[in-house]
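Novice:
Residue numbers (the working numbering): 16 to 457.
1. Indicate whether residue 33 and residue 113 have their beta-carbon atoms separated by less than 8 angstroms.
2. Within 10 Å of its beta-carbon, does residue 211 have 16 or more other beta-carbons around it, so buried, or fewer, so exposed?
3. Secondary structure at residue 88, three-state DSSP: helix, strand or coil?
4. May I ask you to list the residues that DSSP assigns as paired with residue 210?
5. For the candidate residues 324, 94 and 261, whose alpha-carbon lies nearest to that of residue 73?
6. Thinking C-alpha only, which one of 24, 396, 408 and 43 is nearest residue 214?
7. Helix, strand or coil for residue 311 per DSSP?
8. Mind pulling the alpha helix (DSSP H) runs of 4 or more residues that sit fully within the region 349-398?
9. Assign residue 62 to buried or exposed, taking buried as 16 or more other Cβ atoms, counted over all protein chains shown, within 10 Å of its Cβ.
10. May I ask you to check if the CB of residue 313 is nearer than 7 angstroms to at least one heavy atom of the ligand PLP?
11. Within this structure, are the beta carbons of residue 145 and residue 389 separated by less than 8 angstroms?
12. Hey, quick one: how far does the alpha helix (DSSP H) through residue 414 stretch, first residue to last?
13. Nearest CA to the CA of residue 315: which residue from 352, 360, 264 and 206?
14. Since I believe residue 372 is in contact with residue 180 (beta carbons under 8 angstroms), could you give me their beta-carbon distance rounded to a whole number of angstroms?
15. Taking the DSSP output, what are the residues bridged to residue 40?
16. Distance, Cα to Cα, residue 91 vs residue 152?
17. Leaving out the 5 sequence neighbours to the left and right, which residues in its chain are closer than 8 angstroms to residue 82 when beta-carbon positions are compared?
18. If you draw a straight line from the alpha carbon of residue 403 to that of residue 202, how long is it in whole angstroms?
19. What's the gap between the Cα of residue 184 and the Cα of residue 351?
20. At the level of alpha carbons, what is the spacing between residue 433 and residue 129?
21. Here's the rule I'm using: 16 or more other beta-carbon atoms within 10 Å means buried, otherwise exposed. How should residue 267 be labelled?
22. Give the straight-line distance between the Cα atoms of residue 29 and residue 205, rounded to the nearest whole angstrom.
23. Cα separation between residue 385 and residue 240?
24. Which same chain residues, not among the five before or five after residue 258, have their C-beta less than 8 angstroms away from its C-beta?
25. Are residue 60 and residue 216 touching if we call contact CB-CB under 8 angstroms?
26. Quick check on this structure: which residue in 261, 225 and 54 has the alpha carbon closest to the alpha carbon of residue 2?
27. Any idea what DSSP makes of residue 99, helix, strand or coil?
28. Quick check on DSSP: helix, strand or coil for residue 259?
29. First and last residue of the alpha helix (DSSP H) that includes residue 109?
30. Using CA atoms only, rank isn't needed, just tell me which of 376, 312, 64 and 101 is closest to residue 139.
31. So, at 7 angstroms on beta carbons, what are the nonlocal neighbours of residue 115 in its own chain, with the 5 sequence-adjacent residues on each side left out?
32. Here's a check: name, in chain order, each residue in its chain whose Cβ is nearer than 7 angstroms to the Cβ of residue 197, leaving out the five neighbours to either side.
33. Buried or exposed: which applies to residue 426, given that a residue is buried once 16 or more other Cβ atoms fall within 10 Å of its Cβ?
34. Spatial neighbours of residue 200 within its chain, please: C-beta separation below 6 angstroms, excluding the five flanking residues on both sides.
35. Please state whether DSSP places residue 130 in a helix, a strand or coil.
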């Protein structure tokens with residue numbers, strides 16, 4: 016089979032989307048305390064390994080094919096993807112896997128500094144199987160919210176080009192549920208030590224996310240015209256969102272911040288995701304600016320409402336995901352089925368379909384995530400001990416440090432003392448290191 020430009024484009028886009036998960040690791044890792052940075056990044060990286068395995072074995076099958084109660088496909092229809100061998104379908108299967116990987120990794124930002132890594136490792140494959148795959152089937156695979164589905168045929172087909180419903184709303188809702196189950200970090204809202212420890216990492220992460228997002232949104236483009244519209248909208252919306260966030264900070268009497276600019280970019284990217292192929296560039300600017308301003312206000316609600324969404328997954332992904340999905344009903348250009356946004360000559364049918372789809376996604380993700388979360392809390396437990404949290408999850412859970420200060424530049428690793436079980440430093444076995452003093456000076 017000849018490798019066409021379309022095949023290459025899909026493979027490049029899949030690689031761009033996969034890069035977004037390490038980018039997210041930098042974004043989240045920089046926002047945590049130094050003593051929990053590696054743990055935060057590891058939750059993203061391990062998601063790649065876990066979800067990729069699930070996707071190959073049964074996950075992809077659940078997102079399409081013959082549906083079971085219009086909720087999900089048969090997990091065993093092509094277990095291990097043997098039926099796809101020798102076909103170009105594997106390119107699309109790989110592309111879809113990168114979306115599932117990123118979605119579950121997003122959730123980890125809400126439970127920074129206090130979650131058991133072992134529980135997270137069990138949570139990831141269960142959540143992808145029970146929440147992500149069914150939602151992907153409902154929206155994209157011919158399920159409940161599609162044109163022929165029970166809900167879609169009643170109120171209109173839900174429109175979600177690249178994952179507002181399936182990715183960002185589901186992750187945002189799951190993040191809120193798990194954050195509530197875990198409870199607050201020690202010193203939440205009062206300890207200044209919870210401030211981001213490495214803002215350049217945050218900026219680097221935002222850059223990698225924006226870069227990868229052109230593949231995230233553009234990978235499913237049907238032709239060059241649509242691809243061009245998606246590309247410009249993926250540029251315009253986060254740019255406007257960054258300005259909207261910074262302006263909101265200024266109006267509230269604060270100075271423009273680097274964290275604000277990076278968060279604004281992410282808010283705009285999230286908001287334009289479902290709408291990227293359906294709105295014109297001016298519509299993208301409107302959606303982005305509103306998302307930046309709305310998310311800048313929303314991230315502070317965790318302090319007023321008393322839930323510890325550590326890295327603002329709810330304030331960014333849930334809020335911007337809902338806004339972008341609903342705004343399609345107002346700003347969408349005329350579609351092939353005749354529907355259009357209210358501001359572009361359409362009636363309220365598209366807006367109704369979008370609102371109903373949001374409600375379905377929120378309720379489904381909340382209920383199933385709660386069941387998974389409460390079961391894991393009762394069996395494995397979600398929360399590390401107070402002592403482990405205070406010591407830092409990098410040392411407590413991984414026997415590592417993100418940074419080594421005063422070690423002669425050689426670094427250290429940590430191992431448990433066989434007698435006490437306490438962490439002890441093991442110095443690097445090099446002549447240069449052995450000749451240094453405790454402050455690293457010969």
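Quick reminder that beta carbons are idealized off the backbone N, C-alpha and C, glycines included.
Remember, it's a predicted structure, so these values are computed and weren't measured experimentally.
Specialist: If we stick to the structure as given:
1. Yes, the pair counts as a contact, with Cβ atoms nearer than the cut-off.
2. Buried is the call here.
3. DSSP, read as helix, strand or coil, puts residue 88 in strand.
4. Paired residues: none, contrary to the question.
5. It is 94 whose Cα lies nearest to the Cα of residue 73.
6. Cα-wise, what sits closest to residue 214 is 43.
7. Three-state DSSP puts residue 311 in a helix.
8. At a cut-off of 4 residues, the continuous stretches assigned as alpha helix (DSSP H) that sit fully inside the region 349-398 are 364-394.
9. With 16 or more other Cβ atoms within 10 Å, it is buried.
10. No copy of the ligand PLP appears in this structure; indeed no ligand is present at all.
11. It is not a contact, given that the beta carbons lie outside the stated cut-off.
12. Counting along the chain, residue 414 falls outside any alpha helix (DSSP H), and DSSP gives it neither H nor E.
13. Of 352, 360, 264 and 206, the residue nearest in Cα terms is 264.
14. The Cβ separation is near 6 angstroms, so the contact holds.
15. According to DSSP, residue 40 shares a beta bridge with no other residue.
16. Spanning the two alpha carbons is a distance of roughly 15 angstroms.
17. Result list for residue 82: 88, 152, 156, 157 and 158, in chain order.
18. Each residue's CA atom was taken as its position, placing residue 403 and residue 202 some 14 angstroms apart.
19. Looking at the two C-alpha atoms, the distance is approximately 26 angstroms.
20. Low local confidence applies: a pLDDT of 46 at residue 433 is under 50, so the model's placement there is unreliable, with the coordinate-based value given in what follows. Take the alpha-carbon of residue 433 and the one of residue 129: they are about 25 angstroms apart.
21. Residue 267 comes out exposed.
22. The C-alpha of residue 29 lies about 42 angstroms from the C-alpha of residue 205.
23. The C-alpha of residue 240 is placed about 42 angstroms away from the C-alpha of residue 385.
24. Excluding positions up to five away in sequence, the list reads 279, 304 and 307.
25. Residue 216 is positioned such that its CB atom lies no closer than 8 angstroms to that of residue 60.
26. For the chain, the structure presents residues 16 to 457; residue 2 sits outside this window and is missing.
27. In the structure shown, residue 99 sits in a helix (DSSP, three-state: H, G or I).
28. Three-state DSSP puts residue 259 in a helix.
29. Boundaries of the alpha helix (DSSP H) around residue 109: 104-122.
30. With distances taken between Cα atoms, residue 139 lies closest to 64.
31. 66, 70, 74, 143 and 147, listed in sequence order.
32. Closer than 7 angstroms at the Cβ level, and outside the excluded window around residue 197, lie 126, 129, 130, 397 and 398.
33. With a pLDDT of 47 at residue 426, under the threshold of 50, the modelled position of this residue cannot be trusted, and the question is left open.
34. Cβ neighbours of residue 200 beyond the five flanking positions: 128, 129 and 323.
35. Residue 130: strand per DSSP, three-state reduction.
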